[in-house]
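Peer 1: Using this note's numbering, the first residue of the sequence shown is number 280, and each one after it goes up by one.
Positions of the beta carbon are idealized from the N, C-alpha and C atoms, including for glycine.
All of these numbers come straight from a predicted model, not from anything done at the bench.
Okay, here's the structure, questions in a sec.
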Amino acid sequence: MVLNSGANVTLYCGGICDGKTIKERFKNVFVGLIQRKNKSGGHDGLGALGGLAERTSPETFNSLSEADRKAMVGKKDDVALQGGVPVLTMDINIIRKNNVLREMKEELNDLNISGISINPDKLQLVPMPKVKDDNYLINIWNGKGEVFAVTPFCHLYKDDESLIDRIVSKSEEKEGGEVFAYKKINLFDALQAYGNKGTANCSLENGRHAEKDYRYPHEYLATWALASELLEHNPQALETLSAEIQRKCGHPLSFSRLAKDTGQSVRDVAAIMNIDGQTLSKMEKAAKQEWKIRLNTGKFLDKAKTI
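Given below as structure tokens:
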């Protein structure tokens, strides 16, 4: 087993506006998400731009000339320039930013998109100290060959709407090897994108829908952290949001399930959203009440908007 880190970034634009409902207040907030493709060419969930870190060993680095070391900058996330000199670093704050920049470039290149850049110093880390992305190890690995135990670093990045629009427009021109498309999705809709049940030929390994659901629960959790931040972590607003999401969502919303799927406690999930456990419990209760109403009345007319 190999220990490694990974990093991703959710690009977003817009801000809270006036409205009678939280959905109306979120109408100008959008996130950019890729629609992933698996090795068989099928859908593999929604997600942020990102992936595993690329690293090198001290032995390899020390055996190279300075020119070859410089050539590794931008290709190996643990190689950085300090005063114009390439160095091998163990600083995770440098590695995670380099990881995001490289993966973003590679995945956009997969869609034949170039010339898109972001400022690494504007990356907003969403702290998730207890999250480990062991999905492959637990659910997929056959016990043969190399397997990674990954610590993921999730980031948010705010920019003008034109950045996301430009990527979306260009992504429509070419389907990439590991990416179907890049999508601009309203935040309210993105908050519904976890827990959709799939079908036999279109589902993630735990039964979730591979076209409608986030591939990785920690990336979905980062979207809730964004929603919480935009609502200034207001308990009443978040409780209302949870109820509104469930009212429109065709499957049960559950933060306790999200905690389980990310290997955390409910209190850990609350901390990531920068709220207390009591607020999250009220959000869970509000969602359960709405779901119970739907089950009792049979009114499933407000199914989640197709993403």
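Leaving out five residues before and five after T300 in sequence, what residues of the same chain have Cβ atoms less than 7 Å from its Cβ?
Peer 2: E523
Peer 1: In terms of DSSP beta bridges, what is R536 paired with?
Peer 2: Residue pairing for R536: DSSP places it in no beta bridge.
Peer 1: Could you pull the DSSP bridge partners for N283 from this structure?
Peer 2: Per DSSP, V429.
Peer 1: Kindly give me the distance between the Cβ atoms of V410 and Q543, rounded to whole angstroms, as I take these residues to be in contact under 8 Å.
Peer 2: 6 Å
Peer 1: When you compare each of I374, K349, K355 to Y362 by their alpha carbons, which one comes out closest?
Peer 2: Note on residue identity: the sequence assigns Gly, not Tyr, to residue 362. For G362, the nearest C-alpha among the options comes from K349.
Peer 1: Using the beta-carbon count (16 or more within 10 Å), is N287 buried or exposed?
Peer 2: By the neighbour-count criterion, in which a residue is buried when 16 or more other Cβ atoms sit within 10 angstroms of its Cβ, N287 is buried.
Peer 1: My assumption, with CB atoms under 8 Å, is that D468 sits in contact with C292. Please give the rounded CB distance.
Peer 2: 15 Å between Cβ atoms; not a contact.
Peer 1: Does DSSP classify V379 as helix, strand or coil?
Peer 2: Note: V379 maps to helix in three-state DSSP.
Peer 1: Pick out the complete alpha helix (DSSP H) segments inside the segment 289-320, 4 residues or longer, and give them in chain order.
Peer 2: With a minimum length of 4 residues, the continuous alpha helix (DSSP H) runs that stay inside the segment 289-320 are 301-304.
Peer 1: Check each candidate in L360, K571, H322, G294 and name the one with the smallest Cα separation from Y493.
Peer 2: H322
Peer 1: Please list, in chain order, all residues of the same chain as K376 whose beta carbon is under 7 Å from its beta carbon, the five residues on each side excluded.
Peer 2: P399, L402
Peer 1: Can you tell me which of P496, A565, L387, D357 puts its alpha carbon nearest to the alpha carbon of I443?
Peer 2: The shortest Cα separation from I443 among P496, A565, L387, D357 belongs to L387.
Peer 1: By how many angstroms is the C-alpha of T519 removed from the C-alpha of W570?
Peer 2: Rounded to the nearest whole angstrom, the C-alpha separation of W570 and T519 is 14 Å.
Peer 1: Is it the case that the Cβ atoms of N341 and D356 are separated by a distance below 8 Å?
Peer 2: Note that the C-beta distance between N341 and D356 is not below 8 Å.
Peer 1: Taking the continuous alpha helix (DSSP H) assigned at Y499, which residues delimit it?
Peer 2: Going by DSSP, Y499 is part of the alpha helix (DSSP H) stretching over 496-509.
Peer 1: Which stretch, first to last residue, makes up the beta strand (DSSP E) that contains Q361?
Peer 2: 358-361
Peer 1: Is it buried or exposed, K476, if we count other Cβ atoms within 10 angstroms and call 16 or more buried?
Peer 2: exposed
Peer 1: When you compare each of S344, V429, P408, A460 to I392 by their alpha carbons, which one comes out closest?
Peer 2: By alpha-carbon distance to I392, the top candidate from S344, V429, P408, A460 is A460.
Peer 1: Identify the residues that DSSP records as bridge partners of I464: which are they?
Peer 2: V310
Peer 1: I need the DSSP call for R334, collapsed to helix, strand or coil.
Peer 2: Reduced to three states, the DSSP call for R334 is coil.
Peer 1: By Cβ distance, which residues of its chain are closer than 6 Å to E333, with the 5 residues on each side in sequence left out?
Peer 2: Within the same chain, E333 has close Cβ partners K355, D356.
Peer 1: Using only CA atoms, which one of G394, A346, A472 lies nearest to R528?
Peer 2: According to the sequence displayed, residue 528 carries Cys and not Arg. If we check each option's Cα against that of C528, A472 comes out closest.
Peer 1: Can you name the start and end residues of the alpha helix (DSSP H) that Q515 belongs to?
Peer 2: For Q515, the enclosing alpha helix (DSSP H) begins and ends at 514-527.
Peer 1: How would you label S441, buried or exposed, when you count the other beta carbons within 10 angstroms and need 16 or more for buried?
Peer 2: exposed
Peer 1: Provide the residue span of the beta strand (DSSP E) that contains L367, from first to last.
Peer 2: For L367, the enclosing beta strand (DSSP E) stretches over residues 364-367.
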